[in-house]
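Undergrad: Using this note's numbering, you'd call the opening residue of the sequence shown number 4 and step up by one each time. We treat Cβ as the ideally placed atom computed from N, Cα and C, and that holds for glycine. A single structure is presented below for examination.
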Amino acid sequence: FVCSRLCKVSKQSVSAPLLRCVSKQTYLKEGDLWCQPSAVIYHENTMDILENRQLSSIKGKDPVQVQPQKIRLRLRPGEDYRITMKYSQAEDYPVDLYYLMDLSASMEPYRDKLSKLGLQLAKAMQKLTSNFRIGFGSFVDKVVLPMTSTQPDKLKSPCNLKTGEPCAPPYDYKNQMPLTENVALFEDQVQAAPVSGNLDGPEGGLDAMMQVIVCTKEIGWRQKARHLIVFSTDAIFHIAGDGKLAGIVEPNDCKCHLDEKGFYTYSLLQDYPSISQVNRKAREHNMNIIFAVPDHKNATYQRLSSSISGSSTGTLENDSQNVVALVSSEYEKLVDSVTIIDTAPEMIDVKYFSRCLNKTGKLLERQECGGLRVGNIIDFEVVLKVVECPKNPKDWHQTMEIKPRGLNESLTIDLEIICDCPCENPGHRGYQLNAAECKGKGTSVCGVCSCNPGFYGKQCECEGNDNGDADKSISMIDCKPDNQTTEICSGHGTCKCGVCDCDKRPNNPQELFYGKYCECDNFSCKRSGGQVCGGRGKCECGTCNCLPGWGGETCDCKETNSTCIPTTGKNVEICSGRGKCICGSCHCHERDNIRYSGQYCEACPTCPEQRCDELKDCVECIAYNTGPLATNGKCDLCVHEIDIVDTVEEDLAKDKETGARICRTPGDAGCTFVFKYQYHRAGTGGDIKILQIQAEKEKACPTLIDVFGVALGVVISTVVIGFLILLIWKILTIIHDKREYAKFEKERALAKWDRGENPLYKQATSTFCNPTFKETARN
Numbered sequence: 004f005v006c007s008r009l010c011k012v013s014k015q016s017v018s019a020p021l022l023r024c025v026s027k028q029t030y031l032k033e034g035d036l037w038c039q040p041s042a043v044i045y046h047e048n049t050m051d052i053l054e055n056r057q058l059s060s061i062k063g064k065d066p067v068q069v070q071p072q073k074i075r076l077r078l079r080p081g082e083d084y085r086i087t088m089k090y091s092q093a094e095d096y097p098v099d100l101y102y103l104m105d106l107s108a109s110m111e112p113y114r115d116k117l118s119k120l121g122l123q124l125a126k127a128m129q130k131l132t133s134n135f136r137i138g139f140g141s142f143v144d145k146v147v148l149p150m151t152s153t154q155p156d157k158l159k160s161p162c163n164l165k166t167g168e169p170c171a172p173p174y175d176y177k178n179q180m181p182l183t184e185n186v187a188l189f190e191d192q193v194q195a196a197p198v199s200g201n202l203d204g205p206e207g208g209l210d211a212m213m214q215v216i217v218c219t220k221e222i223g224w225r226q227k228a229r230h231l232i233v234f235s236t237d238a239i240f241h242i243a244g245d246g247k248l249a250g251i252v253e254p255n256d257c258k259c260h261l262d263e264k265g266f267y268t269y270s271l272l273q274d275y276p277s278i279s280q281v282n283r284k285a286r287e288h289n290m291n292i293i294f295a296v297p298d299h300k301n302a303t304y305q306r307l308s309s310s311i312s313g314s315s316t317g318t319l320e321n322d323s324q325n326v327v328a329l330v331s332s333e334y335e336k337l338v339d340s341v342t343i344i345d346t347a348p349e350m351i352d353v354k355y356f357s358r359c360l361n362k363t364g365k366l367l368e369r370q371e372c373g374g375l376r377v378g379n380i381i382d383f384e385v386v387l388k389v390v391e392c393p394k395n396p397k398d399w400h401q402t403m404e405i406k407p408r409g410l411n412e413s414l415t416i417d418l419e420i421i422c423d424c425p426c427e428n429p430g431h432r433g434y435q436l437n438a439a440e441c442k443g444k445g446t447s448v449c450g451v452c453s454c455n456p457g458f459y460g461k462q463c464e465c466e467g468n469d470n471g472d473a474d475k476s477i478s479m480i481d482c483k484p485d486n487q488t489t490e491i492c493s494g495h496g497t498c499k500c501g502v503c504d505c506d507k508r509p510n511n512p513q514e515l516f517y518g519k520y521c522e523c524d525n526f527s528c529k530r531s532g533g534q535v536c537g538g539r540g541k542c543e544c545g546t547c548n549c550l551p552g553w554g555g556e557t558c559d560c561k562e563t564n565s566t567c568i569p570t571t572g573k574n575v576e577i578c579s580g581r582g583k584c585i586c587g588s589c590h591c592h593e594r595d596n597i598r599y600s601g602q603y604c605e606a607c608p609t610c611p612e613q614r615c616d617e618l619k620d621c622v623e624c625i626a627y628n629t630g631p632l633a634t635n636g637k638c639d640l641c642v643h644e645i646d647i648v649d650t651v652e653e654d655l656a657k658d659k660e661t662g663a664r665i666c667r668t669p670g671d672a673g674c675t676f677v678f679k680y681q682y683h684r685a686g687t688g689g690d691i692k693i694l695q696i697q698a699e700k701e702k703a704c705p706t707l708i709d710v711f712g713v714a715l716g717v718v719i720s721t722v723v724i725g726f727l728i729l730l731i732w733k734i735l736t737i738i739h740d741k742r743e744y745a746k747f748e749k750e751r752a753l754a755k756w757d758r759g760e761n762p763l764y765k766q767a768t769s770t771f772c773n774p775t776f777k778e779t780a781r782n
């Protein structure tokens, strides 16, 4: 900001002192019209280095991995300020590893395996650092319905183990073993950890993780060490708000609540922590979290990992044999790279630039470098910019840290934002009560009169208030830029005692006119997306003053060049060195009738080495007597040397050396032909450049299809197949009928017919025999 004293007034108010600070751009634009050069107070950005210990890595002493350690800055809003921070990885840096395990009944097999892997885990980590400590804790869930059964017998033992023995009473989280170098104790504590159970599917893992992070003393975290938490579970997790199911509505306070035995005591008093709370505390305490989960839960914890800074996810095998390799590989990833993070407030914009290990490479915007080894020194150029002045003067002093993720070392910045002028403060010579230039009726603040109640005007010469009518004896000339102008205050205000009081728009009081003659406003700038300056800047007198990172007339252009740099290949130039990056996109150059194209200006269809499209018509015409030139009878227009060969030979190494290029292009009738072209020198001294072309003798054409034959074949095939189907159907029908008739004849032959009498029927006559007379008597 540029401040003024003893300058002309642009706006007057009896209720508050005038703001006499403007941007440097505004001062350079208005010059003497705004203030005389002798009356300008111009603050420079300043930096004082308070602590600057050299980078060091000596065993037995605390390493120094960040330089400098503390600085003091005084910055003006709206201007970039660059500082350089160095980072070097220390050798044998201490490591604290805490294994946090879900010990519900389903995790019993994992626990047994882990207890046997304790020694292997310690040995693997000791290969990476000799200064290693390990700890262990377990969790289940809150002991309350619906998370855990509260029946008396279930509170004693909610489940049975595979051995048939009852499991331990339920609990939320317990610190089984603080960090220690005793690996044997780790094995014993893991094996002795109580396995318990709960009712619902999710577990209280976030409850436990919050306690592990914030209980620095109880867990035993060292300040100068890398902090690793291995979180092992086979279930999902409860989040903030789930506690309402059990009537627990008090939010998590993110504080340590462990008793002497290591149990979490506030489990039933406050809700689970939110993911953002865990993320914030993990950043504050420099925690690196490894989620070791089975494959079927990997996707869930990958989403969780994306929301927690410094965390990663690994697959836990059924027998837990890969725990050692998993922890070792994730740790190596941490130490092989560095990511710079910060705690900058909203009004501070921070960007990072670095060459990483390529000291001669281009300075690129990035905050992560990989492939580091002990002894490598990485320089990060940090660009700070104050976006705006906070409304509360208490916020003009800020303290922020810039540090490598996962480390406790940092660059601490004591930042003072210059948001006022010295002459606005009592005690400065520019601040005078009842000053003579204010007719003794006001306070001179930076040369501008702030009038006492009952007076107004540039020199407090008017009595009354600025809402009343101006003194008729006061000329209206001071409310016009010149005598040729007829409008008072540009038609956007009223003249009160020689000073323009600018209007506000009635529909939106935030939209107003300003300036000495009310000639400016904050709403007439161009719009983008329905918003003034695209919502990414401020409208200042018809021109958009964009926020950091944006530019253009409507602040809709990204100023970063990162989107214009190829992400693959060796070329890391902006737009491949063949264009300009405008609004985050490449606008390619056109020179000598050669125009580059593509996302990064990497393609050049009309370049000498990319002339396939230009030459194909001539090659097709001369070699095959086809193509557009042959149709028009213009083959004689082709003046290139074209040799017809059986096969165009392709030799990558030789072609690269000679500059030859092979073209495979489509021709007439769907055919494809191949040719190769290259330049060779001729003439005295080789000053003539001739294009030589080799074309294959035969085209590669698709086989023509006999449409009539195909159609006739389809018709005949359809008829034959139909006839065969009918024939087969007839034969099957005849066979079926014959079988049915034979069956009928067989059944008829086997049928037996017999005569019988009805036992109820009695004939009309009866015959009796007299044995004496041997004659038949008839009745």
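1) Residue ranges of each beta strand (DSSP E) run of no fewer than 3 residues wholly in the segment 56-92, ordered along the chain?
2) Is the beta carbon of C2 sitting closer than 8 Å to the one on C482?
3) Once you ignore the five residues that flank P774 on each side, which residues in its own chain have a CB closer than 8 Å to its CB?
4) Since L100 is in the beta strand (DSSP E), which residue starts that stretch and which ends it?
5) Which same chain residues end up closer than 7 Å to I577 when comparing Cβ atoms and leaving out the 5 residues on each side of it in sequence?
6) Helix, strand or coil for A285, going by three-state DSSP, please let me know.
7) In the DSSP assignment, find the unbroken alpha helix (DSSP H) run with N301 in it and report its ends.
8) Please tell me whether C542 has its Cβ less than 8 Å away from any Cβ of chain B.
9) Are C674 and A703 closer than 8 Å when you measure CB to CB?
10) Assign I343 to buried or exposed, taking buried as 16 or more other Cβ atoms, counted over all protein chains shown, within 10 Å of its Cβ.
11) In the DSSP assignment, the beta strand (DSSP E) including G140 goes from what residue to what residue?
12) Is there contact here, the segment 229-241 with the segment 286-299, by at least three beta-carbon pairs under 8 Å?
13) Sorted by chain position, which residues of the same chain lie with C-beta nearer than 6 Å to G265's C-beta, five sequence neighbours on each side aside?
14) Just how far apart, CA to CA, sit V448 and Q435?
15) DSSP three-state label for P205, please.
16) In the DSSP assignment, the alpha helix (DSSP H) including C624 goes from what residue to what residue?
17) Rounded to a whole number of angstroms, what is the C-alpha to C-alpha distance between R408 and R369?
18) For the beta strand (DSSP E) containing H590, list its first residue and its last residue.
19) Since S314 is in the beta strand (DSSP E), which residue starts that stretch and which ends it?
20) With distance defined between alpha-carbon atoms, name the residue in D274, E253 and R225 nearest to A211.
21) Who are the Cβ neighbours of H590 in its own chain at under 6 Å, not counting the five residues just before and after it?
22) Unbroken alpha helix (DSSP H) runs of length 4 or more, entirely within the segment 704-770: which are they?
23) Return the chain-ordered list of same chain residues with a C-beta closer than 8 Å to the C-beta of D646, the five sequence neighbours on each side being excluded.
24) From the DSSP output, in three-state form, read off L632 for me.
25) Can the beta-carbon of G208 be found less than 8 Å from the beta-carbon of F240?
26) So T219 is in the beta strand (DSSP E); what residue range does that whole segment cover?
27) Ordered along the chain, which non-local residues of its own chain (more than five positions away) have a Cβ less than 8 Å from that of S357?
28) Relative to the alpha-carbon of C257, which residue among H288, T236 and G250 has its alpha-carbon at the smallest distance?
29) Are the CB atoms of A285 and I251 within a distance shorter than 8 Å?
30) Alpha carbon to alpha carbon, how far is R751 from F771? Give it in angstroms, no decimals.
31) Taking the alpha-carbon positions, what's the T150 to K397 distance?
32) Could you check where the beta strand (DSSP E) with S235 kicks off and where it finishes?
33) Excluding the five sequence neighbours on either side, which residues of its own chain have a C-beta within less than 7 Å of the C-beta of L248, listed in chain order?
34) Can you check which of these residues, V198, E253 and H260, is closest to I216 by C-alpha distance?
35) For the alpha helix (DSSP H) containing T661, list its first residue and its last residue.
36) Give me the residue from L515, N510, V281 and K519 with the minimum Cα distance to V502.
TA: Walking through what the data contain:
1) 73-78 and 83-91
2) Any property of residue 2 remains undetermined from this structure, which presents the chain solely from 4 to 782.
3) Walking along the sequence shown from the start, residue 774 turns up at place 771. Taken in chain order, the list of residues that qualify is empty.
4) Here residue 100 refers to the residue found at position 97 when the sequence shown is read from its first residue. Segment V98 to D105, the beta strand (DSSP E) holding L100.
5) To locate residue 577, count along the sequence shown from 1; it is residue 574. Once the five neighbours on either side are set aside, the close Cβ partners of I577 are N564, C567, I568 and C584.
6) For the purposes of this step, residue 285 is taken as residue 282 along the sequence shown, with counting starting at 1. Helix.
7) One-based indexing of the sequence shown puts residue 301 at position 298. It spans N301 to S310 - the alpha helix (DSSP H) in which N301 sits, taken as one unbroken run.
8) The chain labelled as chain B is not found in the depicted structure, where only one protein chain is given.
9) Numbered from its first residue, the sequence shown carries residue 674 at position 671. Numbered from its first residue, the sequence shown carries residue 703 at position 700. A contact, by the Cβ cut-off of 8 Å.
10) Residue mapping note: residue 343 aligns to position 340 of the sequence shown, counting from 1. Under this definition I343 is a buried residue.
11) Within the sequence shown, numbered from 1, the residue matching residue 140 stands at position 137. From DSSP, the beta strand (DSSP E) with G140 extends over F135 to F142.
12) yes
13) As a working mapping, residue 265 is identified with position 262 in the sequence shown. Hits under 6 Å: K177 and N178.
14) Numbered from its first residue, the sequence shown carries residue 448 at position 445. Numbered from its first residue, the sequence shown carries residue 435 at position 432. If you take the alpha carbons of V448 and Q435, they lie about 7 Å apart.
15) Residue numbering aside, residue 205 sits at position 202 when the sequence shown is read from its first letter. Coil, per DSSP.
16) Position 621 of the sequence shown, counted from the start, is the residue given in the question as residue 624. Start and end: C615 to Y627.
17) Here residue 408 corresponds to residue number 405 of the sequence shown, with the count starting at 1. Here residue 369 corresponds to residue number 366 of the sequence shown, with the count starting at 1. The alpha-carbon atoms of R408 and R369 are separated by roughly 14 Å.
18) If you number the sequence shown from 1, residue 590 lands on position 587. Residues S588 to C591.
19) Looking up residue 314 in the sequence shown gives position 311. S314 to T318 is the extent of the beta strand (DSSP E) around S314.
20) Stepping through the sequence shown from its first residue, residue 211 is reached at position 208. The shortest Cα separation from A211 among D274, E253 and R225 belongs to D274.
21) If you number the sequence shown from 1, residue 590 lands on position 587. G582 and K583, listed in sequence order.
22) 710-752
23) Mapped onto the sequence shown, residue 646 falls at position 643. The residues are Q695, I696, Q697 and A698.
24) Residue mapping note: residue 632 aligns to position 629 of the sequence shown, counting from 1. Residue state, collapsed to three classes: helix.
25) As a first step, residue 208 is located in the sequence shown; it is residue number 205 there, counting from the start. As a first step, residue 240 is located in the sequence shown; it is residue number 237 there, counting from the start. Yes.
26) In the sequence shown, the residue the question calls residue 219 occupies position 216. Element bounds for T219: not the beta strand (DSSP E) but the alpha helix (DSSP H), T219 to I222.
27) In the sequence shown, counting from the first residue as 1, residue 357 sits at position 354. The residues are L366, L367, R369, Q370, C372, I381, D382, F383 and E384.
28) Here residue 257 is taken as the residue at index 254 of the sequence shown, counted from 1. C257 has its Cα closest to that of H288, out of H288, T236 and G250.
29) Mapped onto the sequence shown, residue 251 falls at position 248. Mapped onto the sequence shown, residue 285 falls at position 282. Not closer than 8 Å, so no.
30) For the purposes of this step, residue 771 is taken as residue 768 along the sequence shown, with counting starting at 1. For the purposes of this step, residue 751 is taken as residue 748 along the sequence shown, with counting starting at 1. Roughly 43 Å between the two C-alpha positions.
31) Taking the first residue of the sequence shown as 1, we reach residue 150 at position 147. Taking the first residue of the sequence shown as 1, we reach residue 397 at position 394. Here the sequence assigns Met to residue 150, which means Thr is not the residue at that position. About 46 Å.
32) In the sequence shown, residue 235 corresponds to position 232, counting from 1. It spans R229 to S235 - the beta strand (DSSP E) in which S235 sits, taken as one unbroken run.
33) Numbered from 1 along the sequence shown, position 245 holds the residue referred to as residue 248. If we look at L248 and ignore the five residues flanking it on each side, its Cβ neighbours are P149.
34) Here residue 216 refers to the residue found at position 213 when the sequence shown is read from its first residue. For I216, the nearest C-alpha among the options comes from H260.
35) Counting from 1 along the sequence shown, the entry for residue 661 is found at position 658. L655 to T661 is the span of the alpha helix (DSSP H), which, as asked, contains T661.
36) As a position in the sequence shown, residue 502 is number 499, starting the count at 1. The option with the nearest alpha carbon to V502 is K519.
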